[in-house]
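Okay, structure first, notes after.
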Amino acid sequence: MSFANEITTRNNVSILGSGEKTLLLAHGFGCDQNMWRFMLPALTAQYRVVLFDYVGSGHSELAHYDQVRYSSLEGYAQDVLDICEALNLQDVIFVGHSVSSTIGLIASIKKPNAFSQLIMICPSPCFLNIKPDYIGGFEKADLEELIDLMDKNYIGWANYLAPLVMGSNNSEKLVGELSGSFCSTDPLIAKTFAKATFFSDYRHLLKEAKHPVLIFQSSQDALASTDVGDYMLKQLPDAELRLINAEGHCLHMTHPDIINQALRAHIE
Amino acid sequence: MSNNIDNSVLEVPGPDAFQCGALITDKHRKIIYANAYFSDELNWQIETLVGKSSDDLFSYSSKIFIESYLMPLLLHEKKCDEIQLALLDGNNKRISIIVNAKMDDQGKIYWSFFNATKRDKLYEELIETRKKLEAQAKILHSMSSTDDLTGLMNRREVNLRGPELINQAKRYTHTIALLMIDIDHFKQINDTYGHLEGDRVLTELGLRLKTFGRQTDLIARFGGEEFIMLLPDTDANEASLFAERLHKLMSEIEVNNIPVTVSIGITMSDGSQNLQELTKRADNALYKAKSNGRNRTEFDQQA
């Protein structure tokens, strides 16, 4: 199989719509590319839109899952870069939700030519409180509780005890069919993504951004407070912030029209 | 707001009669209704609860879970079942609950909460037990795959991992070298200087093999004084050089001020033979090295 085909299958890449400009939409932690469905109709009328699932999410190929690679956001950024290479994408407009904003930032610094700008929806470079200067919103204990909560919500899954039976060396053998459901992945994979997302600190990368950034900030977001948005705005060399009067962390699902309009106005 | 559902046929009590929490939020997450369970069991005053954001009802970790799973699910599928969260009661105390919820066309969410305190205890125990078992399994695995004396892999582990290395050679079309290494006159060392001295030689040899090998090499004690090495992506020249350096390295070990020597048998493969065939060939080469005077390397001629 050619590299392009391999990556397309691996990351369940789909290309929709057509237009001069290409948008690469990257879903956040928890779900998959279906998150973008409310924004798609308007976008595909005007742009070429590339959708994908990170390895371990949605309908990606679990056989490619690598515990070490996906223990840090760099591994996910490599998925993005692989897709850019496979599709020969240049000057792509990267749209990332939540942690994918950081993943896009990592990718864009590594290979600037592939990107023209970054759009970040409810981003946070660090979810932890790093006292005294930075309030990411969560203490380490909260995040450990999250991992615990994930464990409890995955009890009843057939492979909950699989790591025991198979031994820790055989994690690649844990692959199985993903349930078709939108927000479910293998418990081990989900926990690894959660740890990479919520325990990391990428604030230092903000200053190194090589592209203009547009931030969509929700006025009431339990995961990314307006303080976090302001912090990012200050640190990024070339950024703009749109505060959306809304509740929650999924603006692209709750307010797709507002995001689409602002996105179009910004791009054109 | 009335909690009584008017039913002209039957006198049906309202949601206040149920032993579970029922809550309605509007599309801005504002609580617009809470049943009596919140005041009776959760120490909330309904008046203070109504008007609050549903965000205020959950622990920090639950908020992340809600934003990452529950809300996307509700927006996508309009309902979700059996999600465990930590709810804060009126005294800010955490209570484990199971949540089922559905969302209507106006974005109103109808939440039902079921106390899951006992279930949570069971889960805690399960998680704790799994952690313990995982640690135990790790120890057992290491015990069953390691040779006690040298710390190298044992023969069992070679039989498990060897075939995969050989397959890789075939898949990526490179050659793999299999080395059998046997200590010369080991029986004599044991008989003359005792088993402890023999053990020391084995341990030192194992240590040297381990530091000498590459990370991708498979190094194991095959039995007695015999060791096996599988070197992936290695041609005959490299294997020969490797063996030469091994001879030198092994002579650093001395017994009664006399350097220890080893005999080595090597076979090369493109991955088309199985582990058993290859060890047999390397063994033949090793036999040849022994009969040609020991302290030398011979290649299996079939390769």
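Quick mapping for you: the protein sequence lines, in order, are chains A and B. Once you know that position 28 of the first sequence is 28 in the numbering used here, the rest is easy, because the numbers rise by one and skip nothing. Once you know that position 231 of the second sequence is 1231 in the numbering used here, the rest is easy, because the numbers rise by one and skip nothing. Think of the CB as a built atom: it goes at the ideal place given N, C-alpha and C, for glycine as much as any other residue.
Closer than 8 Å to chain A by CB, residue i
| i | result |
| --- | --- |
| F1113 of chain B | no |
| Y1123 of chain B | yes |
| L1088 of chain B | no |
| H1195 of chain B | no |
| D1147 of chain B | no |
| H1028 of chain B | yes |
| I1127 of chain B | yes |
| D1199 of chain B | no |
| D1120 of chain B | yes |
| G1014 of chain B | no |
Per DSSP, the bridge partner or partners of residue i
| i | result |
| --- | --- |
| A1220 of chain B | B:M1153 and B:I1228 |
| G1265 of chain B | B:M1180 and B:E1298 |
| V50 of chain A | A:I15 and A:L24 |
| P1050 of chain B | A small correction: the amino acid at residue 1050 of chain B is Val; Pro does not occupy that position in the sequence shown. V1050 of chain B is not bridged to any residue. |
| M1103 of chain B | B:I1109 |
| Y1033 of chain B | B:I1024 |
| E144 of chain A | The partner list for E144 of chain A (beta bridge, DSSP) is empty, contrary to what the question assumes. |
| V1255 of chain B | B:I1258 |
| M120 of chain A | A:G96 and A:I215 |
| C126 of chain A | A:D201 |
| R242 of chain A | A:F216 |
| T154 of chain A | It should be noted that the sequence gives Tyr, not Thr, for residue 154 of chain A. DSSP, once it has assigned bridges, lists no residue as partnering Y154 of chain A. |
| Y1172 of chain B | Paired residue(s): none; Y1172 of chain B is not in a bridge. |
| I135 of chain A | A:N129 |
| E247 of chain A | A:Q220 |
Chain B contact for residue i (CB, 8 Å cutoff)
| i | result |
| --- | --- |
| M120 of chain A | no |
| D257 of chain A | no |
| C126 of chain A | no |
| E6 of chain A | no |
| N153 of chain A | yes |
| F199 of chain A | no |
| T185 of chain A | no |
| D66 of chain A | no |
| T192 of chain A | no |
| L146 of chain A | yes |
| L149 of chain A | yes |
| G180 of chain A | In this predicted model, G180 of chain A has a pLDDT of only 42, less than 50, meaning its place in the structure is not dependable; the value taken from the coordinates is given anyway. For G180 of chain A, the answer is no, since every Cβ of chain B falls outside 8 Å of its Cβ. |
| F3 of chain A | no |
| F115 of chain A | no |
Residue i CB to nearest heavy atom of the ligand NAP below 7 Å
| i | result |
| --- | --- |
| R1156 of chain B | Looking at this structure, you won't find the ligand NAP or any other ligand, since it has none at all. |
Query raised in the report: Within the chosen definition, does the region 133-143 of chain A reach the region 236-256 of chain A through at least 3 CB pairs nearer than 8 Å?
Result: No, the region 133-143 of chain A does not touch the region 236-256 of chain A.
Requested in this report: Return the residues of the region 215-249 of chain A that lie within a Cβ-Cβ distance of less than 9 Å from chain B, sorted by chain order.
Outcome: Within the region 215-249 of chain A, the qualifying residues are Q220, D221, A222, L223, A246, E247, G248 and H249.
Requested in this report: Note down, in chain order, all residues in the region 99-113 of chain A with a beta-carbon under 7 Å from any beta-carbon belonging to chain B.
Outcome: So the list is empty, because no residue satisfies the distance condition.
Query raised in the report: Is the region 232-242 of chain A in contact with the region 68-80 of chain A, if contact means three or more CB pairs nearer than 8 Å?
Result: Too few Cβ pairs lie closer than 8 Å, so no.
Report task. Mind the definition here: the region 1111-1118 of chain B touches the region 1018-1031 of chain B only if three or more C-beta pairs lie below 8 Å; say whether that holds. Result -> Taking 8 Å as the limit for Cβ pairs, the verdict is that the region 1018-1031 of chain B does touch the region 1111-1118 of chain B.
**Report entry** Short-range partners of chain A found in the region 1152-1175 of chain B, where Cβ spacing is below 9 Å
**Finding:** If the cut-off is 9 Å between Cβ atoms, the region 1152-1175 of chain B has nothing near chain A.
Requested in this report: Please list the residues of the region 1071-1083 of chain B that have a C-beta atom closer than 9 Å to any C-beta atom in chain A, keeping them in chain order.
Outcome: Residues of the region 1071-1083 of chain B whose Cβ lies closer than 9 Å to any Cβ of chain A, in chain order: M1071, P1072, L1073, L1075, H1076, E1077, C1080, E1082 and I1083.
Query - Residues of the region 1045-1069 of chain B whose Cβ lies closer than 8 Å to any Cβ of chain A, in chain order - result: Of all residues in the region 1045-1069 of chain B, those with a C-beta nearer than 8 Å to a C-beta of chain A are S1053, D1055, S1059, Y1060, S1061, S1062, K1063, I1064, F1065, I1066, E1067, S1068 and Y1069, reading in chain order.
Query raised in the report: Quick one, which residues of the region 30-57 of chain A are near chain B if we go by CB-CB under 7 Å, in chain order?
Result: Those would be G30, C31, N34 and M35, in chain order.
Query - Residues from the region 1201-1234 of chain B in contact with chain A, defined by Cβ distance under 8 Å - result: Cβ contacts with chain A come from no residue of the region 1201-1234 of chain B.
Query raised in the report: Is the region 1193-1209 of chain B touching the region 1248-1257 of chain B in the sense that three or more CB pairs, one from each, lie closer than 8 Å?
Result: At 8 Å Cβ cutoff, the stretches touch.
Report task. Identify every run of the alpha helix (DSSP H) within the region 51-108 of chain A, keeping only runs that are complete inside it and at least 4 residues long; order them along the chain. Result -> Runs of the alpha helix (DSSP H) inside the region 51-108 of chain A: 73-86.
**Report entry** Near-chain A residues of the region 1095-1111 of chain B (beta-carbon distance less than 7 Å), N- to C-terminal order
**Finding:** Close to chain A, meaning a Cβ-Cβ distance shorter than 7 Å, is no residue of the region 1095-1111 of chain B at all.
Report task. Please name the residues in the region 9-26 of chain A whose beta-carbon is closer than 8 Å to at least one beta-carbon of chain B, in chain order. Result -> Within the region 9-26 of chain A, no residue places its CB atom closer than 8 Å to a CB of chain B.
Requested in this report: State whether the region 1224-1239 of chain B contacts the region 1171-1187 of chain B, with contact taken as three or more CB pairs (one from each stretch) at a distance under 8 Å.
Outcome: Under the three-pair Cβ rule at 8 Å, the region 1224-1239 of chain B counts as touching the region 1171-1187 of chain B.
Query raised in the report: Per the contact definition of three or more C-beta pairs closer than 8 Å, is the region 208-223 of chain A in contact with the region 1060-1068 of chain B?
Result: Taking a cut-off of 8 Å for Cβ pairs, the region 1060-1068 of chain B and the region 208-223 of chain A touch, as three or more such pairs fall below it.
Query - beta strand (DSSP E) runs wholly inside the region 198-228 of chain A, at least 3 long, in chain order - result: Fully enclosed beta strand (DSSP E) runs of 3 or longer: 213-220.
Query raised in the report: Going along the chain, which unbroken runs of the alpha helix (DSSP H) with 4 or more residues stay wholly within the region 1056-1139 of chain B?
Result: With a minimum length of 4 residues, the continuous alpha helix (DSSP H) runs that stay inside the region 1056-1139 of chain B are 1060-1065 and 1071-1077.
Requested in this report: Take every Cβ of the region 1156-1170 of chain B, pair it with every Cβ of the region 1260-1272 of chain B, and state whether three or more of those distances are shorter than 8 Å.
Outcome: Yes, since at least three Cβ pairs between the region 1156-1170 of chain B and the region 1260-1272 of chain B fall closer than 8 Å, the two stretches touch.
Query - the region 113-131 of chain A / the region 93-104 of chain A touching (three or more Cβ pairs under 8 Å) - result: A contact exists between the region 113-131 of chain A and the region 93-104 of chain A.
Query - Segment contact, 8 Å Cβ cut-off, at least three pairs: the region 140-153 of chain A with the region 1118-1127 of chain B - result: Cβ pair count under 8 Å is three or more, so yes.
Query raised in the report: Is the region 80-91 of chain A touching the region 198-212 of chain A, taking contact as three or more C-beta pairs under 8 Å?
Result: No contact exists between the region 80-91 of chain A and the region 198-212 of chain A.
Query raised in the report: Using Cβ-Cβ distances below 8 Å, what residues of the region 131-142 of chain A are close to chain B?
Result: Listed by position, the residues of the region 131-142 of chain A near chain B (Cβ gap below 8 Å) are G137, F138, E139 and D142.
**Report entry** Three or more C-beta pairs below 8 Å linking the region 19-27 of chain A and the region 39-50 of chain A
**Finding:** Yes: the two stretches touch, three or more of their Cβ pairs being nearer than 8 Å.
Query - the region 1180-1187 of chain B touching the region 1216-1229 of chain B, judged by at least three CB pairs closer than 8 Å - result: Verdict: yes, contact present.
Query raised in the report: Does the region 1259-1266 of chain B come close enough to the region 1291-1301 of chain B that 3 or more CB-CB pairs lie under 8 Å?
Result: Yes, the region 1291-1301 of chain B is in contact with the region 1259-1266 of chain B.
Query raised in the report: Is the number of C-beta pairs between the region 1043-1051 of chain B and the region 181-200 of chain A that are closer than 8 Å three or more?
Result: Taking 8 Å as the limit for Cβ pairs, the verdict is that the region 181-200 of chain A does not touch the region 1043-1051 of chain B.
Query raised in the report: With contact counted as at least three CB pairs below 8 Å, one residue from each stretch, are the region 1145-1160 of chain B and the region 1242-1254 of chain B in contact?
Result: Contact fails between the region 1145-1160 of chain B and the region 1242-1254 of chain B, because fewer than three Cβ pairs, one in each stretch, are under 8 Å apart.
Query raised in the report: With contact counted as at least three CB pairs below 8 Å, one residue from each stretch, are the region 1280-1289 of chain B and the region 1185-1194 of chain B in contact?
Result: The way I'd put it, the region 1280-1289 of chain B doesn't touch the region 1185-1194 of chain B; fewer than three beta-carbon pairs between them come closer than 8 Å.
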